[in-house]
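Below: one structure, written as structure tokens.
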Amino acid sequence: MEKVEQNYSLLLLAGGRSSRMGRDKGELLYQGRTFIENLLQKADDLGIKKKYLSGHETERRDVQTVPDVYKGRGPLGGMHACMEGMDTPYCLVLPVDVPQIPLNVLKALLSFHKGLADIKEQEQPLLLSHGGRTEPLIGIYPTDMRADIAEAIKNHSAAVFSVLNQRGYQIFQAEMESWQAENVNTPETYRMVLEQKGRE
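So for the sequence shown, the working numbering puts the first residue at 93; every next one is plus one.
Encoded structure:
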């Protein structure tokens, strides 16, 4: 029987301007699929059925596209809008420009979150960290953070870490290559990621 994660939604951030890339990042191809389709498939493979997409349209009926309530506020605006519609206690947050992130890393992240014994720890976001670098937009967030995010936006803060530092957060240390979590923001990075994948 197919496993369904009842407590988790996917929050996929695809609202960036793609100015450095020169074209829509969400529609770029990686392993024969668009960036968006790659990440939606990973959510399917994790058993996450409730999916929310910020800043982009999709024809998939199992994905809810969500316009920002607070326009022009970057990732926080997209996160807030998506969390407003969620009925799960947690969400897996991913940016659209990491289609190469390994499924096994996401599985380990999810498993680690489930294993947090302290309720207080589960009330804090769990962020992916690798090679000394912490990724604020790759992690598991409590959806009740929508209130914290709204407050930060109203106070004219657009920095994700401003909310994280106030709430507190946990770290999941992943064993992975740095390119596997590199944001594909430029044509040069896109070529590098494709080349690295080709060497595996």
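Idealized CB from N, CA, C, for every residue including glycine.
Name the residue from R112, N196 and C183 whose alpha carbon lies nearest to the alpha carbon of L145. By alpha-carbon distance to L145, the top candidate from R112, N196 and C183 is C183.
DSSP three-state assignment for P187, whether helix, strand or coil: P187: strand per DSSP, three-state reduction.
Round the Cβ separation of Q192 and Y122 to the nearest angstrom and send it over; I've been treating them as touching at under 8 Å. That belief holds up - the Cβ atoms of Q192 and Y122 are roughly 6 Å apart, short of 8 Å.
Just mark Q214 as buried or exposed, buried being the case when its beta carbon has 16 or more other beta carbons within 10 Å. In summary, Q214 is buried, with 16 or more beta-carbon neighbours lying within 10 Å of its beta-carbon over all protein chains present.
According to DSSP, which residues form a beta bridge with K142? K142 is bridged to S101.
In three-state terms, what does DSSP make of R112? The three-state reading of DSSP puts R112 in coil, since its state is none of H, G, I, E or B.
What ranges does the beta strand (DSSP E) occupy inside the segment 139 to 180, keeping only unbroken runs of at least 3 residues that lie completely in it? List check, beta strand (DSSP E) in window: 142 to 146 and 155 to 158.
Less than 8 Å between the beta carbons of Q216 and Q262, yes or no? Against a cut-off of 8 Å, the Cβ pair of Q262 and Q216 comes out as a contact.
Distance between P181 and T126 (C-alpha atoms, nearest Å): Spanning the two alpha carbons is a distance of roughly 28 Å.
Going along the chain, which residues of its own chain have a beta-carbon closer than 6 Å to the beta-carbon of R112, five neighbours each way excluded? Residues of the same chain with a CB within less than 6 Å of the CB of R112, apart from the 5 flanking positions on each side, are N277 and T278 in chain order.
Give every residue of the same chain whose Cβ lies closer than 8 Å to the Cβ of L256, excluding the five residues on either side of it in the sequence, and list them in chain order. When the five nearest sequence neighbours on each side are left out, the beta carbons in the same chain lying within less than 8 Å of the beta carbon of L256 are those of P217, L219 and P228, in order along the chain.
Integer-rounded CB distance, given that L105 should sit under 8 Å from G170: That belief holds up - the Cβ atoms of G170 and L105 are roughly 5 Å apart, short of 8 Å.
Out of G231, H248 and L132, which has the shortest C-alpha to C-alpha gap to N202? Per the sequence presented here, residue 202 reads as Leu, with Asn not at that position. It is G231 whose Cα lies nearest to the Cα of L202.
On a CA-only basis, which of K199, V252, V197 and C174 is nearest V161? Give me that one, please. Among K199, V252, V197 and C174, the Cα nearest to that of V161 belongs to C174.
Cβ distance (whole Å) where Y233 is taken to contact V185 below 8 Å: About 5 Å separates the two Cβ atoms, so the contact holds.
If you draw a straight line from the C-alpha of F253 to the C-alpha of H172, how long is it? Roughly 14 Å separates the two Cα atoms.
If you drop the 5 nearest sequence neighbours on each side, which residues of the same chain put their C-beta closer than 7 Å to that of A250? Closer than 7 Å at Cβ, skipping near neighbours: R165, G166 and L168.
Whole angstroms are fine: how far does the CA of Q272 sit from the CA of E292? For E292 and Q272, the gap between their C-alpha atoms comes out near 12 Å.
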